[in-house]
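Following: one structure in structure tokens, then a few remarks.
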Amino acid sequence: MDSLLVSVIIPCYNHGRFLQQAIDSVVRQTYTPIEVIVVDDGSTDTTKTVALRNPQVHYVYQSNQGLSAARNTGISHSMGDYLVFLDADDLLYPHAIAYNVKILLDHPEVAFVSGGHHTVDTELNILNTITRTVLTNHYRNFLRINYIGMHATVMYRRSIFDTVRFDVTLRACEDYDIYLTIAAEHPVLHHTEVLTAYRQHQTNMSSDCLMMLSTVLDVLKRQEKLIHEPEDLEAYQAGIKNWHSNYAMEMYHRLLKKDVFLSNSVKKSYEQLLYKYNARWFYRYQLFTKLMFIKPIAKRVVPNFLFRWAYQAGLFQSYRPKVGSVRLGDLKRLKPISDSFGYDRGGGPVDRYYIENFLHQQANLIRGRVLEIGDNEYTMRFGGTNVSQSDILHVHADAPQATIIGDLTDLPQVDTNTFDCIILTQTLHLIYDFSSAIQTCHRILKPGGMLLLTSPGISPIDHGEWQKTWYWSFNELSLKRILTEHFPADRVTLQTFGNVFVATAFLYGMGQNELTQHQLDMQDSHYPVIITAKVCKPL
-10 MDSLLVSVII PCYNHGRFLQ QAIDSVVRQT YTPIEVIVVD DGSTDTTKTV ALRNPQVHYV
50 YQSNQGLSAA RNTGISHSMG DYLVFLDADD LLYPHAIAYN VKILLDHPEV AFVSGGHHTV
110 DTELNILNTI TRTVLTNHYR NFLRINYIGM HATVMYRRSI FDTVRFDVTL RACEDYDIYL
170 TIAAEHPVLH HTEVLTAYRQ HQTNMSSDCL MMLSTVLDVL KRQEKLIHEP EDLEAYQAGI
230 KNWHSNYAME MYHRLLKKDV FLSNSVKKSY EQLLYKYNAR WFYRYQLFTK LMFIKPIAKR
290 VVPNFLFRWA YQAGLFQSYR PKVGSVRLGD LKRLKPISDS FGYDRGGGPV DRYYIENFLH
350 QQANLIRGRV LEIGDNEYTM RFGGTNVSQS DILHVHADAP QATIIGDLTD LPQVDTNTFD
410 CIILTQTLHL IYDFSSAIQT CHRILKPGGM LLLTSPGISP IDHGEWQKTW YWSFNELSLK
470 RILTEHFPAD RVTLQTFGNV FVATAFLYGM GQNELTQHQL DMQDSHYPVI ITAKVCKPL
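Next up, the structure:
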């Protein structure tokens, strides 16, 4: 059977600066066929120029009518059996469409399927991973909260739009409105696979707390007349409280940060709503503002334990304990908690979190003939059926899985322009002549081929077999210098992952399970635990 067409509809209003990345994320999908429809909602920036320079894009212009109208226009111009709505400032991960198509094929009764997402900053650094487990009673769960959170994770069956469309009278929350409308009448499914990246910036519609709270409550209250089951009524009432609480918390944090975008009138409204819906946090905010006023005096007279409490409660962001009062707790030791990178602590080593996230994000590049060092676990895990031939390089002739025996610094037995992709994880620092190894990678890659490389930054040195060949420790600058000696600088993309807390935990041998998602995802380039490089050989 031929694959079913998927339409990706990208509404865009003055987000031309982000649009190319959104289009690229669709083009790089592992699934085909896909049509890309950009609906320009009366933009005055570069939206049209960006869209038209992509021949695969179907460009549609309309006068400014709002997001709901733009999505409805996209539906009318689409031909797909399945529909996805991607905002112009967000991204799909390469496997997103293939993942959801399979679920809809396996469950023909389902109207839509949804999944998890990352929140990212303007530079696409991951801030948080948002996943919720919802297995049953989807409508009831929607009454409690919008458990999806990001619209691009949703894939709709086209037939559902024969009877419903997005409400053009809504300024926001039109996605939540349609989830409720559909889930009230049809089966839907949800999973926790992370499919998309939601970019957070000040021009997000969702950054307007007052408008969002008012709109989401209006949307939810539309359901009141449709509720008949006591359990649904209970969920609805909980939903009203949840939305008040969620936005009160958001207002609290914005007041606390003294958001420069807040006018005095908005600030006053925030304070009034915070007092009404979460008085405890209102008084914490009041305490914070007073503490800020007396902070210079307090530093001299207030006991250190009160400052520590205020920091842990979120009242101070920059607390530093006084000299001699730092609490080291279980880390006050001269030996690590684990000397095996945390393998024995649960969840795997901390650095593997970053390595595997990197490869997951680059999965669409792991295709064709792929070379990996030592084994092919990552090749098959992230490349899957896109890999036509998997090769394993090993220095020892008795390695059971090896297809190529040799040293990466010199591989005369491998022809030039052989591989579509080379996966080189946690290896370069073990090679004394690392420059020759990179030169070999350049030679044996096909034109347009990709080198996916990771290297330790702040790391313990292995206590086992690798301690005798652990020659180097790179940082972002040194690794960039090494790579650009063999590849053009504009074909080399580096990132660092980690922060002072994660680096410390890794040095002590703590495992992934002992750190929170927030702790792992906060990035500080001054404390790199892992450095990643995506490198392309020119055509």
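Residues in the sequence shown are numbered from -10 upward in steps of one, following our numbering. Where is the CB? At the ideal position from N, CA and C, for every residue including glycine. On a predicted model such as this, the values are computed, not experimentally measured, just so you know.
Task: Separation of Asp364 from Ala391, as counted between CA atoms - done: 7 Å
- [ ] Determine the direct distance from the alpha carbon of Lys37 to that of His4, and round the result to whole angstroms.
- [x] 10 Å
TODO: Along the beta strand (DSSP E) that carries Val109, what are the first and last residues, could you check?
DONE: 101 to 109
- [ ] For Glu182, I'd like the list of residues in its chain whose CB is within less than 7 Å of its CB, leaving aside the five on either flank, ordered along the chain.
- [x] Tyr88, Gly104, Gly105
TODO: Sort out for me which residues DSSP pairs Gly357 with in a bridge.
DONE: Val376
Open item on the list: What would DSSP say about Ile216, mapped onto helix, strand or coil?
Closed with: coil
TODO: Could you spell out where the beta strand (DSSP E) holding Tyr145 opens and where it closes?
DONE: 144 to 146
Open item on the list: In this structure, how does DSSP classify Asn502 when only helix, strand and coil are distinguished?
Closed with: helix
- [ ] Please check the pair Leu524 and Val481, which I expect to be a contact at CB under 8 Å, by giving their CB distance rounded to whole angstroms.
- [x] Residue 524 is actually Val in this sequence, not Leu. 5 Å between Cβ atoms; contact.
TODO: Check whether the Cβ atoms of Met139 and Tyr187 sit closer than 8 Å, and answer yes or no.
DONE: yes
TODO: Kindly give me the distance between the Cβ atoms of Val339 and Phe463, rounded to whole angstroms, as I take these residues to be in contact under 8 Å.
DONE: Going by Cβ atoms, the distance from Val339 to Phe463 rounds to 18 Å, so no, they are not a contact pair.
Task: Identity of the residue in Val177, Thr204, Thr414, Arg147 nearest Glu163 by Cα - done: Thr204
Task: Outcome for Ala224 when other beta-carbon atoms lying within 10 angstroms are tallied against a minimum of 16 - done: buried
- [ ] Could you give the DSSP three-state label for Gln508: helix, strand or coil?
- [x] helix
Task: Local Cβ density within 10 Å of Tyr272, reported as buried at 16 or more and exposed below that - done: exposed
TODO: Within its chain, find whatever has a CB closer than 8 Å to the CB of Ala227; leave out the 5 residues flanking it on each side and keep chain order.
DONE: Leu132, Arg133
Open item on the list: In the DSSP assignment, the alpha helix (DSSP H) including Phe486 goes from what residue to what residue?
Closed with: Not the alpha helix (DSSP H): Phe486 falls in the beta strand (DSSP E), residues 481 to 486.
Task: Cutoff 7 Å; reference Met511; Cβ partners in own chain excluding five residues on either side - done: Asn488
Open item on the list: Assuming Val551 is part of the beta strand (DSSP E), what are its boundary residues?
Closed with: An answer regarding residue 551 cannot be provided, because it is not within the stretch -10 to 528 covered by the chain.
Open item on the list: Contact between the region 353 to 360 and the region 370 to 380 is defined here as three or more beta-carbon pairs at a separation below 8 Å; is this criterion met?
Closed with: yes
- [ ] Give a yes or no on whether the C-beta atoms belonging to Thr485 and Gly453 are separated by under 8 Å.
- [x] no
Task: Continuous beta strand (DSSP E) assignments of at least 3 residues falling wholly in the region 133 to 200 - done: 144 to 146, 178 to 188
Open item on the list: What does the alpha-carbon distance come out to for the pair Ile23 and Thr125?
Closed with: 30 Å
Open item on the list: Just verifying my parser: in three-state terms, what is the DSSP assignment at Gln18?
Closed with: coil
Open item on the list: Considering only the alpha carbon of each residue, which of Trp455, Asp404, Leu348, Trp461 lies closest to Thr521?
Closed with: Leu348
Task: Of the residues Ile167, Met201, Tyr71, Thr493, the one placed nearest Gln212, counting alpha carbons only - done: Ile167
Open item on the list: Measuring only the C-alpha atoms, how far is Val403 from Ile411?
Closed with: 13 Å
Open item on the list: Using only CA atoms, which one of Asp409, Phe371, Val109 lies nearest to Gly438?
Closed with: Asp409
Open item on the list: For Glu24, list the residues DSSP reports as bridge partners.
Closed with: Ser(-4)
TODO: Go ahead and pull the three-state DSSP assignment for Asn114.
DONE: coil
TODO: Return helix, strand or coil for His383, following the three-state DSSP convention.
DONE: strand
Open item on the list: Quick check on Ser254: does DSSP put it in helix, strand or coil?
Closed with: helix
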